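Worksheet for the structure shown next.
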Amino acid sequence: MNTATLRRPTGDELEREIEDIESRIHDENIRTTIQERMARARQPGAARVSHGEAFAQSRARLMDMLTAPVDG
Numbered sequence: 002m003n004t005a006t007l008r009r010p011t012g013d014e015l016e017r018e019i020e021d022i023e024s025r026i027h028d029e030n031i032r033t034t035i036q037e038r039m040a041r042a043r044q045p046g047a048a049r050v051s052h053g054e055a056f057a058q059s060r061a062r063l064m065d066m067l068t069a070p071v072d073g
């Protein structure tokens, strides 16, 4: 008979464990995004976008979200 018990982290230990998991997920998302962008950039005929253009596009999307009418 196995008498081992499962120890659950609590308090600060639990918070550190959650932060560690979130950090690993964030790091993995960054790696995935970089890999996807590099793969697209290597495709023949891929459009080249400068950092300035990418920033302008991102800013425009953000402004659209901020100025969109709110349902309610």
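The letter at position 58 of the sequence shown is residue 59 when you use my numbering, and the numbering goes up by one with no holes. We put the CB at the ideal spot given by N, CA and C, even for glycine. This structure is a prediction, so every number in the text was calculated from the model and none was measured.
query: Short check: CB of E23 to CB of P10, under 8 Å?
result: Taking 8 Å as the Cβ cut-off, E23 and P10 do not qualify as a contacting pair.
message: Suppose you measure from the CA of F56 to the CA of D65; what does that come to, to the nearest Å?
response: F56 and D65 have their C-alpha atoms spaced approximately 14 Å apart.
message: Measuring straight from C-alpha to C-alpha, what distance separates D13 and R25?
response: For D13 and R25, the distance between alpha carbons rounds to 18 Å.
- prompt: Along the chain, where does the alpha helix (DSSP H) that runs through D13 open and close?
  reply: Unbroken alpha helix (DSSP H) run through D13: G12 to R43.
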